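To keep things clear, I will list the structure first and then write my remarks on it.
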Amino acid sequence: MLGSIACSMEFEDFDLYSYFYGLVKQIPEGYVTTYGDLAQALGDPIAARAVGYMLSINEDPDTIPCYRVVLHDGTVGNYTHPLGPMEKVRRLRADGIPVVDGMIENFDRYRFRDFKTDQPLRKMQQYQEYIARKYSESGAGEFRTVAAFDVSYEERRAFASMVIQDGSTIEAYVISDGINFPYIPGYLAFREFRFIKKLYRKADLLLIDGNGILHPRFAGLATHAGVLLDRASIGVAKHLTRSTRHQDIIYMQDRPVGVMIRKNMIVSPGNFIDVNGSADTVRKMWNDRYPWPLKLAHQLSTRHAETGGRVSEYSIESAHELH
DNA sequence: GCGACAG
DNA sequence: ATCTTGTCGC
Ligand SMILES: [Mg+2]
């Protein structure tokens with residue numbers, strides 16, 4: 001029964017930006033809060049930097065009072081404005097907050113933390129635990145068709161690509177759509193999975209830029225996608241995080257979850273494959289020490305982001321050249 | 001003070 | 001990821 005509840009809430013359309021700006025509006029005039037307190041109200045203190053980022057791209061500073069968000073040590077912090085933090089100080093003083101030398105006097109007295117929130121990131125963590133339970137390490141081991149995915153970004157727009165190899169045939173697809181979730185460490189799947197789902201065509205293996213079970217809750221983007229699309233999947237990341245390494249094997253809480261197959265290339269199983277199988281599979285499909293479908297997907301999405309998505313036909317021919 | 005924080 | 005308003009632990 002709990003499983004069926006989880007199935008009905010994949011969070012793909014959840015707009016964290018709107019939810020977040022709603023929280024910022026709760027800060028009363030004459031009070032301040034911190035980036036960390038807002039992150040806690042979202043459900044996880046690790047989101048503090050994402051809070052700063054979302055404030056920085058706020059398009060409506062007249063109704064969303066960014067300037068009431070300050071650093072944990074009582075200094076006012078940054079502000080995107082021609083006048084910079086000076087303008088932040090001016091607005092705080094206009095609210096009656098005493099600021100001396102960029103520091104709020106009697107900080108505790110003015111601090112607001114009583115947000116009305118249901119901490120959405122907590123429910124998302126629970127959903128990740130459900131995804132992790134669905135991971136299976138056994139599968140076919142041989143894959144005829146491979147689909148590789150990557151996503152590039154502007155502030156509120158994403159350009160996502162998929163490159164499919166079926167024997168000697170290569171097809172490439174690009175889509176563009178708005179973004180409803182910022183990058184938050186540990187929550188990448190809630191930002192990127194919906195683009196992968198939209199692009200997805202039947203393939204035996206999904207190759208994904210990010211981690212699989214190499215994740216604090218064993219449910220990185222590649223596992224999230226593999227489980228929800230019921231496909232074999234592998235995560236390929238450039239940076240190692242939140243784990244320990246002995247030789248080239250990566251561990252999380254003493255469980256092997258990935259392999260460093262070279263500097264700046266970490267492979268972890270997403271679904272229907274194990275740690276060694278995922279590393280062997282990626283090693284078989286690289287060209288110049290990089291799995292070529294992923295490289296192509298990366299180039300496709302970045303190129304489309306740079307040109308604003310205008311028809312810059314980066315075509316099948318160049319795909320063949322790279323292969 | 002410096003590094004960690006998947007993209 | 002892009003070029004950017006954090007926080008915590010060592
Ligand atoms: Mg990427």
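Just so you know, we're using the working numbering here: the first sequence kicks off at 1 and counts up by one.
Even glycine gets a Cβ: it sits at the ideal position worked out from N, Cα and C.
Note that this is a predicted model, so its numbers are computed, not measured.
1) Report yes if the C-beta distance between R113 and T33 is below 8 Å; otherwise report no.
2) So what's R201 in DSSP terms, helix, strand or just coil?
3) Please report the Cβ distance between L221 and A172, rounded to the nearest whole angstrom; I am assuming they are in contact, meaning their Cβ atoms lie under 8 Å.
4) Look at the Cβ atom of Y187, then the Cβ atom of M252, and state whether they are nearer than 8 Å.
5) Under the three-state reduction of DSSP, which class applies to Y187: helix, strand or coil?
6) If you measure from each residue's Cβ to the nearest non-hydrogen atom of ligand 2, which ones come out under 6 Å, in chain order?
7) Return helix, strand or coil for S136, following the three-state DSSP convention.
8) Does the distance from the C-beta atom of L296 to that of V257 stay below 8 Å?
9) Which complete beta strand (DSSP E) runs does the segment 106 to 153 hold, if anything under 3 residues is left out?
10) Rank Y31, A305 and M260 by C-alpha distance to the C-alpha of E105 and give the top, closest one.
11) List the residues that DSSP assigns as beta-bridge partners of L207.
12) Between the C-alpha atoms of L42 and S168, what's the straight-line distance to the nearest angstrom?
13) Under three-state DSSP, which class holds P293?
14) Skipping 5 residues on each side, what residues in its chain have a beta carbon closer than 8 Å to that of I316?
15) Distance, Cα to Cα, I131 vs D101?
16) Is H304 helix, strand or coil by DSSP?
17) Going by DSSP, what residue range makes up the alpha helix (DSSP H) through H246?
18) So, helix, strand or coil for F195, using DSSP?
19) Could you tell me if I97 is buried or exposed, where buried requires 16 or more neighbouring beta carbons within 10 angstroms of its beta carbon?
20) Between the alpha carbons of I64 and Y183, how many angstroms are there, rounded?
21) Is there contact here, the segment 79 to 86 with the segment 149 to 167, by at least three beta-carbon pairs under 8 Å?
22) Would the beta-carbon of L345 fall within 8 Å of that of V146?
23) Using C-beta distances below 7 Å, list every residue in its chain close to I27, excluding the 5 sequence neighbours before and after it, in chain order.
24) Confirm, please, whether the CB-CB distance from N271 to R217 is below 8 Å.
25) Report the rounded CA-to-CA distance for M265 versus Y127, giving the unit in angstroms.
26) So for I273, helix, strand or coil by DSSP?
27) If distances are taken between C-alpha atoms only, which option among E306, S278, P291 and D288 comes closest to E137?
28) At 4 residues or longer, what runs of the alpha helix (DSSP H) sit wholly inside the segment 15 to 39?
29) By how many angstroms is the C-alpha of L16 removed from the C-alpha of D248?
30) Kindly indicate which three-state DSSP category Y326 falls into: helix, strand or coil?
31) Give me the DSSP bridge partner(s) of Y251.
In brief:
1) Within the first sequence, numbered from 1, the residue matching residue 113 stands at position 113. Within the first sequence, numbered from 1, the residue matching residue 33 stands at position 33. If you check the CB distance, R113 and T33 come in under 8 Å.
2) As a first step, residue 201 must be located in the first sequence, where it is residue number 201. Coil at R201, not helix or strand.
3) Here residue 221 corresponds to residue number 221 of the first sequence, with the count starting at 1. Here residue 172 corresponds to residue number 172 of the first sequence, with the count starting at 1. L221 to A172, Cβ: 20 Å. No contact.
4) Position 187 of the first sequence, counted from the first residue, corresponds to residue 187. Position 252 of the first sequence, counted from the first residue, corresponds to residue 252. In this structure, M252 does not lie closer than 8 Å to Y187 by Cβ.
5) Stepping through the first sequence from its first residue, residue 187 is reached at position 187. Three-state result, Y187: coil.
6) The model on display carries ligand 1 but not ligand 2.
7) Along the first sequence, one-based indexing puts residue 136 at 136. Note: S136 maps to coil in three-state DSSP.
8) The residue given as residue 296 occupies position 296 in the first sequence. The residue given as residue 257 occupies position 257 in the first sequence. No, Cβ-Cβ distance for L296 and V257 is not below 8 Å.
9) Along the length of the segment 106 to 153, whole beta strand (DSSP E) runs at least 3 residues long occupy 145 to 153, reported in chain order.
10) Here residue 105 refers to the residue found at position 105 when the first sequence is read from its first residue. Taking only the C-alpha atoms, the option nearest E105 is Y31.
11) Sequence index remark: in the first sequence, residue 207 carries index 207 (1-based). DSSP lists A148 and I234 as partners of L207.
12) As a working note, residue 42 is residue 42 in the first sequence. As a working note, residue 168 is residue 168 in the first sequence. For L42 and S168, the distance between alpha carbons rounds to 47 Å.
13) The residue given as residue 293 occupies position 293 in the first sequence. If DSSP states are grouped into helix, strand and coil, P293 belongs with the helices.
14) The residue given as residue 316 occupies position 316 in the first sequence. At I316, the pLDDT of 43 sits below 50, so the modelled position is not reliable and the matter cannot be decided from this model.
15) Residue numbering aside, residue 131 sits at position 131 when the first sequence is read from its first letter. Residue numbering aside, residue 101 sits at position 101 when the first sequence is read from its first letter. Annotation: I131 to D101 spans about 49 Å, alpha carbon to alpha carbon.
16) Within the first sequence, residue 304 is the residue found at index 304, counting from 1. In this structure, H304 counts as helix in the three-state DSSP scheme.
17) As a first step, residue 246 must be located in the first sequence, where it is residue number 246. Counting along the chain, H246 falls outside any alpha helix (DSSP H), though it belongs to the beta strand (DSSP E) covering T244 to H246.
18) Working through the first sequence from its first residue, we reach residue 195 at position 195. Note: F195 maps to helix in three-state DSSP.
19) If you number the first sequence from 1, residue 97 lands on position 97. Its Cβ being crowded by 16 or more others within 10 Å, I97 is buried.
20) As a first step, residue 64 must be located in the first sequence, where it is residue number 64. As a first step, residue 183 must be located in the first sequence, where it is residue number 183. So the two alpha carbons sit approximately 21 Å from each other.
21) A contact is defined here as three or more CB-CB pairs under 8 Å, and the segment 79 to 86 fails this definition with respect to the segment 149 to 167.
22) Because residue 345 is not part of the residues shown, which for the chain are 1 to 323, the question remains open.
23) Your numbering for residue 27 matches position 27 in the first sequence. For I27, where only same-chain residues beyond five positions count, the Cβ hits under 7 Å are T33, P65, R68 and F112.
24) Position 217 of the first sequence, counted from the first residue, corresponds to residue 217. Position 271 of the first sequence, counted from the first residue, corresponds to residue 271. Going by C-beta atoms, R217 is not nearer than 8 Å to N271.
25) To locate residue 265, count along the first sequence from 1; it is residue 265. To locate residue 127, count along the first sequence from 1; it is residue 127. The C-alpha of M265 lies about 27 Å from the C-alpha of Y127.
26) The count along the first sequence starts at 1 and reaches residue 273 at position 273. Assignment of I273 by DSSP, reduced to helix, strand and coil, places it in the coil class.
27) On the first sequence, residue 137 is found 137 positions in, with the first residue counted as 1. When only C-alpha atoms are compared, the closest one is S278.
28) You should have 16 to 25.
29) Taking the first residue of the first sequence as position 1, residue 248 is located at position 248. Taking the first residue of the first sequence as position 1, residue 16 is located at position 16. Each residue's CA atom was taken as its position, placing D248 and L16 some 37 Å apart.
30) In the structure displayed, the chain extends from 1 to 323; residue 326 sits before or after that span and is not available.
31) In the first sequence, counting from the first residue as 1, residue 251 sits at position 251. For Y251, which the question treats as bridged, DSSP gives the partners T244 and P256.
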